[in-house]
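**Q** Quick one: the structure is below, and I'll ask about it shortly.
Residue numbers (the working numbering): 10 to 136.
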């Protein structure tokens, strides 16, 4: 279907921290990802959604196994999707995933729940 959030979806470039800016994505990509996800749900209209509702559906678009969490593989796929023009070494990719999990995985289960995702995504994204 779609490849990831991750951390989404989703992000406008912030220059304050090189780790933060590594998770940047354009609004256009977010809109395209949201449209792809919502194409299967014609009763939902992104024009009438709140920013939180949009973020929730962007999160779900990256949750391929539908367990309501983003694991390392789903986060990796979201990074590839969001930064589709970038090439990363395995080490850099692992650093990005580790950064997200180390800083936002509050219950330390190795996954990001939606509230954890929102804590991370809200720092980088304005939907």
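Where is the CB? At the ideal position from N, CA and C, for every residue including glycine.
All values reported here derive from a predicted model rather than from experimental measurement.
#1: According to DSSP, is residue 59 part of a helix, a strand, or is it coil?
#2: Under the DSSP definition of a beta bridge, which residues are partnered with residue 87?
#3: Out of curiosity, what's the CA-to-CA distance linking residue 61 and residue 51?
#4: Based on Cα-Cα distance, which residue from 88, 59, 58 lies nearest to residue 71?
#5: So, is residue 75 buried or exposed, given that buried needs 16 or more other C-beta atoms within 10 angstroms?
#6: Tell me, to the nearest whole angstrom, how far the beta carbon of residue 67 is from that of residue 43; I am working on the premise that it is less than 8 Å.
**A** Well, looking at it:
#1: The residue you call residue 59 lines up with position 50 of the chain shown. Residue 59 falls in the coil class under three-state DSSP.
#2: Sequence index remark: in the chain shown, residue 87 carries index 78 (1-based). Answer is none; residue 87 lacks a bridge partner.
#3: In the chain shown, residue 61 corresponds to position 52, counting from 1. In the chain shown, residue 51 corresponds to position 42, counting from 1. Inter-residue distance for residue 61 and residue 51 is about 19 Å (C-alpha atoms, whole angstroms).
#4: If you number the chain shown from 1, residue 71 lands on position 62. Considering only alpha carbons, the answer is 88.
#5: Locating residue 75 in the chain shown gives position 66, where the first residue counts as 1. When all chains shown are included, residue 75 counts as exposed.
#6: Position 58 of the chain shown, counted from the first residue, corresponds to residue 67. Position 34 of the chain shown, counted from the first residue, corresponds to residue 43. Yes, residue 67 and residue 43 are in contact; Cβ-Cβ is about 6 Å, under 8 Å.
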